[in-house]
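Participant: Can you keep this structure in mind? I'll have questions shortly.
Protein chains: 2
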Amino acid sequence: MSGLRTIPARSGKAAFARKGQKVKVVNTYGEQVVDTWAFARHDLREFMSMEHTRATLTRMRPEVGEPFYSNRRRPILTLVEDSSPGVHDTLMAACDNYRYGLLGCTEYHDNCTDNLAAGLYELGLTPPETPSPLNLFMNIPWDAEGGLVFAAPVTKPGDYVLFEANLNVVMAFSACPQDILPINGEGRAPTEAHFEILD
Amino acid sequence: MSGLRTIPARSGKAAFARKGQKVKVVNTYGEQVVDTWAFARHDLREFMSMEHTRATLTRMRPEVGEPFYSNRRRPILTLVEDSSPGVHDTLMAACDNYRYGLLGCTEYHDNCTDNLAAGLYELGLTPPETPSPLNLFMNIPWDAEGGLVFAAPVTKPGDYVLFEANLNVVMAFSACPQDILPINGEGRAPTEAHFEILD
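Put into C-alpha cells, the structure is as follows:
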C-alpha cells in the first residue's frame with residue numbers, strides 16, 4: 001500500500017502513468033465521487049472523451065475489458081477491473097463555481113473544474129480545456145423519457161476501479177466537493193479518496 | 001424566405017445572431033442531421049455545452065421553452081419551437097476523420113469537426129475547441145442498460161427547430177457527411193439543409 005496516494009477531500013491531484021501501467025482509484029469511504037481525466041502525455045490536447053467513447057462503443061459507458069477513447073478516437077484507458085456495481089457517470093459536466101452559484105452559494109465553492117487545474121498545476125501543466133469528466137462512482141440514473149437524477153452512490157467502502165493506460169498519460173482526479181446535492185451520499189459530506197499507479 | 005441560407009451537403013456554415021434574434025434550422029429533405037454549435041460572440045471560449053445543459057436541466061435534452069446552457073452555466077440558446085418529433089442527440093461527438101478511418105475509409109472523408117472549423121474560418125474565426133455538438137434531428141435511442149444505436153431520423157421534409165439567442169452568438173452548422181451509418185437515412189445520402197436568422 002506504500003504507493004497509495006491521497007486525493008484530499010474537496011481537492012484535486014494528478015499523476016503520470018506510463019503505457020501499460022495500471023491506475024487504481026479507490027472509493028475509500030464508499031460514497032465519494034471521483035471526477036477523473038486522462039490526457040495524452042505527448043500532447044494534452046488529446047484526452048479521454050466521454051462523447052467519443054459513447055460513440056465508439058455505442059454504450060453509455062464501457063464494460064470491464066473495454067477502453068475509453070480519446071478525442072482522437074484512440075484507446076486511452078482500458079477498464080480492467082471494477083469491484084463496484086459499475087455505476088459511473090459519463091453525462092454530467094464537472095462542477096464549477098458557476099454551478100454552485102446556481103445552487104445558491106454566494107461565496108466561492110471548491111469545485112472539480114478548478115481541482116483539475118490545481119492538480120495539473122502541481123505537475124507544471126495546464127489543461128487545454130475542461131473535458132467532460134469520467135465521474136467514477138457517480139450515480140445518474142436515466143429513464144426512457146431522458147430524465148436524469150443526481151442520486152446517491154451505490155458503492156461500498158473500498159470499492160475500486162482499475163484501469164490500464166493505453167498511452168503515456170497524465171491522470172487527474174478530483175474528490176468532488178458537492179455538498180448540496182446527495183451525489184456524495186445522503187450525508188452530503190465529501191471525503192478523501194485514494195489512487196495508486198501500479199506496474 | 002429571402003433570408004434562408006444553405007448549408008451545402010457535407011459542409012459547414014456559420015453566422016452571427018444577436019441576443020433576441022431567432023435562429024431557424026430546417027431539415028429540408030427530411031433525413032439530414034445538422035450538427036449545431038453556438039459560441040458567445042464576446043469570447044468563443046464560452047459555448048453551448050451538452051454536458052452542462054444535461055446537468056442543469058437533469059434531462060437528456062431541453063423541451064420546448066427551455067434553454068441550452070453554456071459551459072459557464074448561462075442560457076445561450078432557448079428552444080422556442082420544434083415541428084419535428086423532438087428527437088435530437090446530445091450524446092455523440094462530432095464525426096471526424098479519425099472516425100471514418102475506424103469505419104474503414106482509407107482516404108480523407110468530410111466530417112463535422114472540420115466543417116465547424118471551415119464554417120467559422122469563413123467569418124475569420126477559429127473554434128477554441130470542438131465542443132460536443134447538438135446533433136439536430138439525430139436519432140440515438142438509449143435503453144435501460146445504456147445501449148445506444150445510430151438510427152435513421154424520424155423527421156419529415158421541412159421539419160425545423162427555432163431557437164432564440166440568449167446572448168450575442170456565433171452559430172455554426174454542419175450538414176453531417178455520414179454516409180456509412182444510417183444516421184442521415186437508410187439511403188446514406190447526405191443532403192443540404194437550411195438555416196435562417198430572424199429578427
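Those sequence lines, one after another, are chains Z and P.
Counting from 1, one number per residue, gives the positions in the first sequence under the numbering used here.
Counting from 1, one number per residue, gives the positions in the second sequence under the numbering used here.
Where a beta carbon is used, it is the ideal one built from N, C-alpha and C, also for glycine.
This one's a predicted model, so the numbers in the text were calculated from it and none came from an experiment.
1) With 16 other CB atoms within 10 Å as the buried threshold, where does glycine 119(P) fall?
2) Put tyrosine 29(P) into one of helix, strand or coil per three-state DSSP.
3) Which residues of the region 102 to 121 of chain Z have a Cβ closer than 8 angstroms to any Cβ of chain A? Give them in chain order.
4) Less than 8 angstroms between the C-beta atoms of valine 169(Z) and alanine 17(Z), yes or no?
5) Starting from the Cα of phenylalanine 137(P), find the closest Cα among Gly187(P), Asp43(P), Val34(P), Val149(P) and give me that residue.
6) For tyrosine 69(Z), which residues of its own chain have a beta-carbon under 7 angstroms away from its beta-carbon, when the five flanking residues on both sides are left out?
7) Would you report the Cα separation of glutamate 107(P) and asparagine 166(Z), rounded to the nearest angstrom?
8) So leucine 148(Z) contacts chain P; which residues on that side make the cut at Cβ distance below 9 angstroms?
9) So if DSSP puts phenylalanine 137(P) in a beta bridge, which residue, or which two residues, is it bridged to?
10) Within 8 angstroms of any Cβ in chain P, is that where the Cβ of leucine 91(Z) sits?
11) How many angstroms separate the CA atom of glutamate 46(P) from the CA atom of proline 128(P)?
12) Please report the straight-line C-alpha distance between alanine 40(P) and aspartate 89(P), rounded to a whole angstrom.
13) What number of angstroms, rounded off, separates the C-alpha of leucine 134(Z) from the C-alpha of valine 87(Z)?
14) Determine, using beta carbons only, whether tryptophan 37(Z) comes closer than 8 angstroms to chain P.
15) Output, in chain order, the set of chain Z residues within a Cβ distance shorter than 7 angstroms of glutamate 129(P).
16) Using a 10 Å radius around the Cβ and a threshold of 16 neighbouring Cβ atoms, would you call histidine 194(P) buried or exposed?
17) Is cysteine 60(P) helix, strand or coil when you go by DSSP?
18) Over what stretch of residues does the beta strand (DSSP E) that includes tyrosine 108(P) continue unbroken?
19) Taking the beta carbon of threonine 6(P) as the centre, do at least 16 other beta carbons fall within 10 Å, making it buried, or is it exposed?
20) What's the gap between the Cα of glutamine 178(P) and the Cα of glutamate 196(Z)?
Facilitator: Taking the structure as given:
1) buried
2) Here tyrosine 29(P) sits in coil by DSSP.
3) Among the chains of the structure shown, chain A does not appear; the protein chains present are Z and P.
4) yes
5) Val34(P)
6) So the list reads Ser49, His52, Thr53, Thr56, Pro75, Ile76, once near-sequence residues are dropped.
7) 26 angstroms
8) Arg54, Ala55, Leu57, Thr58, Arg59, Met60
9) DSSP lists no partner for phenylalanine 137(P).
10) yes
11) The alpha-carbon atoms of glutamate 46(P) and proline 128(P) are separated by roughly 9 angstroms.
12) 21 angstroms
13) 11 angstroms
14) no
15) Glu129
16) buried
17) The identity of residue 60(P) in the sequence shown is methionine, whereas the question assumes cysteine. Here methionine 60(P) sits in coil by DSSP.
18) Note, tyrosine 108(P): premise wrong, no beta strand (DSSP E); not H, not E.
19) exposed
20) 41 angstroms
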